[in-house]
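A.B. asks: Have a look at the structure that comes next, please.
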Amino acid sequence: MPAQTRPEQPLADRLKTLAKHPQFTWWIGHVLVLVCSIRYFLSLLTLSLSPPTSSSLSYRLAFIGAITTYGVVLYKTYVNKIQTLDINFIGRLLRDDNALYFGVAVYWLLTSRVSVALVPFATYSVFHFSTYLRNNVIPAVSPSLSKSPLSTKITAFVDANFPHAMRFVAVFELVAITIRLALPLVLFRVRAIFTLLLWVMFLRFREASSTQMRDAVVRSGQWVDHLCLQPGTPDVIRRVVWPRVKAFAAGLQIPRAPAAAQANASPRKTQ
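At the far end of the sequence shown sits residue 306, using this note's numbering, and the numbering has no gaps.
Pasting the structure below:
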């Protein structure tokens, strides 16, 4: 449950109540993701003005923020439920999007920079930041603003754009990040092969728990099938490469989680 502040409390007490709740730490993680992602991508646009150490620090801090926020959710979800680290518990973690994003955030933090990997985390953080600001921060700072035009606009923004953002993230992960990770393969880098395989497994587990990812996989497959039917497509791609890619992906099929588990595995959790 989120922190409950009372309007009659002094401002200092309301803020103290808010800050002592674990969800505030979760929110600070999203703030860090947003601020550092913006700083990082701005530094990429102004390479001559931004020192490399500054952009690298922003990149790492963004993933530290992501690890923090997903770590809070995992702690609150599993701290009282861990009895033994058996195969069933590990399987449950692998079907929990919060655990998946926590794991890939740790991996991106500890490995070479992949700029596009920040985009999904920053996208999620926009909505988590906004929702918590509307529901918790604004009422704590000034209860009279809870029904203000600002709060109404935040609610309207989240309601109107969140479904589109989730679909965007699924397509971006499936297409943009996968292509970026596949590019170094032309240099036969062992780490690149490992990273790509790890990412493919992440996508397969995401597909098992996310309807948006399943839709993205279906649409992308149909799009490539259509391209392969075009007259200019080389036979080697049409008859060899693409069928083998589909066969490889099918071999990594992960059983889908039950509907209730999918709801609990959503990265949209706010507590």
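All C-beta atoms, glycine included, are put in the ideal place defined by N, C-alpha and C.
Predicted, not measured: the structure shown is a model, and the values here were computed from it.
(1) May I have the straight-line CA-CA distance separating Arg241 from Val66, to the nearest angstrom?
(2) Please classify Phe156: does DSSP put it in a helix, a strand, or coil?
(3) So, for Ala227: in the same chain, excluding its five sequence neighbours on each side, which residues have a beta-carbon less than 6 Å away from its beta-carbon?
(4) Hey, Ala211 and Leu231 are a contact pair by Cβ (cut 8 Å); roughly how many whole angstroms apart?
(5) Tell me which same chain residues have a C-beta within less than 6 Å of the C-beta of Trp62, skipping the five on either side of it?
(6) Going by alpha carbons, who is nearest to Arg49 out of Asn196, Pro178, Met248, Gln247?
(7) Which residues bound the alpha helix (DSSP H) around Arg169?
(8) Give the secondary structure of His56 by DSSP, where H, G and I count as helix, E and B as strand, and everything else as coil.
(9) If contact is defined by three or more beta carbon pairs under 8 Å, each pair taking one atom from either stretch, is the segment 193-213 in contact with the segment 249-257?
(10) When DSSP labels each residue in this structure, what does Gly256 get in the three-state scheme?
(11) Could you spell out where the alpha helix (DSSP H) holding Val182 opens and where it closes?
(12) Rounded to whole angstroms, what is the Cα-Cα separation between Tyr94 and Ser183?
(13) I'd like the list of long-range same chain contacts for Ala296, defined as Cβ closer than 7 Å, with 5 residues on each side in sequence excluded.
(14) Taking Gly64 and Val107 to be in contact with their CB atoms under 8 Å, please state how far apart those CB atoms are, rounded to whole angstroms.
(15) Please go through the same chain and pick out, in chain order, the residues whose beta-carbon is closer than 6 Å to the beta-carbon of Ala97, but skip the five residues on each side of it.
C.D. replies: On the basis of the supplied data:
(1) Translated into the one-based positions of the sequence shown, residue 241 becomes position 206. Translated into the one-based positions of the sequence shown, residue 66 becomes position 31. Arg241 and Val66: Cα-Cα distance of roughly 25 Å.
(2) Within the sequence shown, residue 156 is the residue found at index 121, counting from 1. Helix, per DSSP.
(3) Reading the sequence shown from its first residue, position 192 is the one you call residue 227. Within the same chain, and ignoring the five residues on either side of Ala227 in sequence, the residues whose Cβ sits closer than 6 Å to its Cβ are Pro219, Leu220.
(4) Residue 211 sits at position 176 when you count from the first residue of the sequence shown. Residue 231 sits at position 196 when you count from the first residue of the sequence shown. That belief does not hold up - the Cβ atoms of Ala211 and Leu231 are roughly 14 Å apart, past 8 Å.
(5) Residue numbering aside, residue 62 sits at position 27 when the sequence shown is read from its first letter. Answer for Trp62: Tyr167, listed in chain order.
(6) The residue labelled residue 49 in the question sits at position 14 within the sequence shown. Here the closest residue by C-alpha is Pro178.
(7) Along the sequence shown, one-based indexing puts residue 169 at 134. Segment: none, Arg169 is in no alpha helix (DSSP H) and carries neither H nor E.
(8) Position 21 of the sequence shown holds residue 56. In the structure shown, His56 sits in coil (DSSP, three-state: anything other than H, G, I, E or B).
(9) Put simply, the segment 249-257 touches the segment 193-213. At least three CB pairs are less than 8 Å apart.
(10) Here residue 256 is taken as the residue at index 221 of the sequence shown, counted from 1. Looking at Gly256 - three-state DSSP - the assignment turns out to be helix.
(11) Taking the sequence shown and counting its residues from 1, the one referred to as residue 182 is at position 147. The sequence shown places Lys at residue 182, rather than the Val named in the question. First-last for Lys182: undefined, no H or E at that position.
(12) The sequence position of residue 94 within the sequence shown is 59, counting from 1. The sequence position of residue 183 within the sequence shown is 148, counting from 1. Going by the C-alpha atoms only, they are around 35 Å apart.
(13) Here the question's residue 296 lines up with position 261 in the sequence shown. For Ala296, the pLDDT reaches just 45, beneath the cut-off of 50, and the residue's location in the model is therefore unreliable, although a value from the coordinates is still provided. These residues qualify, in order along the chain: Arg130.
(14) To locate residue 64, count along the sequence shown from 1; it is residue 29. To locate residue 107, count along the sequence shown from 1; it is residue 72. A Cβ-Cβ distance of about 7 Å is found for the pair Gly64 and Val107, placing them in contact under the 8 Å criterion.
(15) The residue you call residue 97 lines up with position 62 of the sequence shown. Within the same chain, and ignoring the five residues on either side of Ala97 in sequence, the residues whose Cβ sits closer than 6 Å to its Cβ are Val68, Cys71, Ser72, Leu153.
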